[in-house]
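Let me begin by presenting the structure, written as structure tokens, before commenting on it.
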Ligand code: LR7
Ligand code: MN
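Structural data, given as structure tokens:
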């Protein structure tokens, strides 16, 4: 469906000769978009535009690499790359500094072109005027697509065999590209990213980021930087060696174009922002590639606290849609943990993922379980005690006894039948976390005064948030969590009672089926 709009319309300075017709007037470009006196400098871009505007587009930055990096040598015939930068209403000063830092700090032979994809910014000239700089090209979307489809559009027209993605508010550092190209040249299935330094959103100071972080996430698919595992830290003797990373931050990476295409580019049904970094990362690892951070490559990025642009469908819904598509296609049975961690995603529309699943099958990719075991063992499955079994006292077992005429579910004791391995359904119970349940009915201390001893214990429709239904095992007793009272087999009924270690009626044997 997007094929039509992807028809390429590459706007260079001179479409015939490809050489710049008119020189680029830096001052005029920047001064046309200065802040009005008294205007909040954070309003438009969520960073201090005043400070950014003050700086030269060619400002020097500190070389933040480890001291053993400068003596590294790289292949003399590294492949050239197409740099792809998508943006929506970026500040001119940051956009220009991104472009110029690339041209200033990269050997010319390695930069085939810089493709700017203007994602329907208010002013087309933000992009167009920059094509007066040699090698800079501009594609403008005729409607807002989001960064994911915009990147695909840029990648599709890229002339070089290697793609390099950057955000529109970056500054690349000394020799940033060579170590990444080297890794991809050696093995085209590697997808590599630099250490991402911090450009202060307040004063634009360029600050070195820690060199022993990698990309991680939690079950809600929230990205976070995390320390590399201790075992790896201890055995790391060479600070120039790449760091394997479970996921990439998303915005700044180098990938072989044929490999990017083979893997299925991006999920074109993801909108605006978010989630695509997980989807790409899972795909790379599970389908035969690898992801790494190359520590001798440094790129600065302006990290912000809020999105300066609007989300047509809302920020939350968009993030849910994109991450839900990721979970549905790549996380197999582990997607249940995503839904547990992000319950707001349950039942939300996310379009069809049929073609993405087909793509996964076609490439014969490994399972998410393989990914967890081999790439990200530190991400542990939430512990939940699920113990199916019988609850025995002497020769009797706790059992459900149907419903009375009032519709109450009855609970009582009966002679144990069958065996612990194959009990009758009425005597089979499931412990999950704090619930003791049977077919959706849960043990509950039902009295309104559940905290006082003597509350009858019966069955209710399970509700994990209901305090009356919360129990914990304590030795051979079963304790009601809220009241601290113990489950007791009283003549004629089950009830809570003050816990007494020697009370026979409070002793329960929990025998598992397995
Ligand atoms: O609708 C849009 N269209 C766009 O072209 C929205 C955004 N964009 C552009 C935008 O102008 C910018 O150049 O897309 C780029 C990324 O948007 P940001 O800078 O608002 O995002 P971010 O830096 O907060 O987001 C990180 O996560 C995103 C998830 O979708 C992307 O992968 C970003 O590229 C990514 N940035 C980085 O990885 C840089 C390091 C930050 C971290 C962690
Ligand atoms: Mn960014």
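Residue numbers (full-length UniProt numbering): 1 to 514. Each residue gets a CB set at the ideal place from its N, CA and C atoms; glycine is no exception. None of the values given here were measured: they were computed from a predicted structure.
For residue j and residue i, the rounded distance between their alpha carbons
i, j, result
"residue 257", "residue 140", "21 Å"
"residue 51", "residue 204", "7 Å"
"residue 351", "residue 295", "38 Å"
"residue 184", "residue 177", "11 Å"
"residue 289", "residue 410", "57 Å"
"residue 212", "residue 105", "24 Å"
"residue 21", "residue 198", "Below a pLDDT of 50, predicted positions are generally treated as unreliable, and residue 21, at 48, falls in that range; no measurement from the model is reported."
"residue 493", "residue 459", "12 Å"
"residue 340", "residue 266", "26 Å"
"residue 379", "residue 218", "7 Å"
"residue 54", "residue 384", "55 Å"
"residue 515", "residue 488", "In the structure displayed, the chain extends from 1 to 514; residue 515 sits before or after that span and is not available."
"residue 202", "residue 47", "6 Å"
"residue 440", "residue 403", "14 Å"
"residue 206", "residue 63", "10 Å"
"residue 89", "residue 44", "9 Å"
"residue 392", "residue 214", "50 Å"
"residue 80", "residue 190", "16 Å"
"residue 94", "residue 260", "28 Å"
"residue 230", "residue 58", "39 Å"
"residue 322", "residue 109", "37 Å"
"residue 60", "residue 382", "47 Å"
N- and C-terminal bounds of the beta strand (DSSP E) containing residue i
i, result
"residue 392", "386–393"
"residue 290", "290–302"
"residue 480", "477–480"
"residue 438", "435–438"
"residue 459", "457–461"
"residue 471", "471–474"
Strand pairing of residue i, partner residues [DSSP]
i, result
"residue 225", "215"
"residue 206", "199"
"residue 497", "486"
"residue 442", "437, 460"
"residue 81", "111, 162"
Other residues of its chain near residue i: CB distance less than 7 Å, five sequence neighbours each side excluded
i, result
"residue 357", "329"
"residue 453", "485, 496, 497, 498"
"residue 436", "429, 442, 443, 471"
"residue 69", "240, 296"
"residue 92", "29, 30, 33, 126"
"residue 196", "209, 249, 252, 299, 301"
"residue 434", "470, 471, 472, 481"
"residue 304", "46, 47, 201"
Same chain, Cβ closer than 6 Å to residue i, five either side skipped, listed in chain order
i, result
"residue 244", "292"
"residue 272", "146, 311, 318"
"residue 349", "none"
"residue 513", "388, 389, 421"
"residue 505", "488, 489"
"residue 326", "275, 278, 279"
"residue 120", "141, 143, 144"
N-terminal and C-terminal residue of the alpha helix (DSSP H) that residue i is part of
i, result
"residue 359", "354–362"
"residue 38", "Segment: none, residue 38 is in no alpha helix (DSSP H) and carries neither H nor E."
"residue 414", "That residue, residue 414, is in no alpha helix (DSSP H); its beta strand (DSSP E) goes 409–415."
"residue 329", "315–330"
"residue 156", "147–157"
Same chain, Cβ closer than 8 Å to residue i, neighbours up to 5 away in sequence not counted
i, result
"residue 346", "339"
"residue 365", "283, 286, 287, 288"
"residue 124", "118, 140"
Near the ligand FMN: residue i beta-carbon under 8 Å from a heavy atom
i, result
"residue 404", "Among the ligands present in this structure, namely the ligand LR7 and the ligand MN, the ligand FMN is not found."
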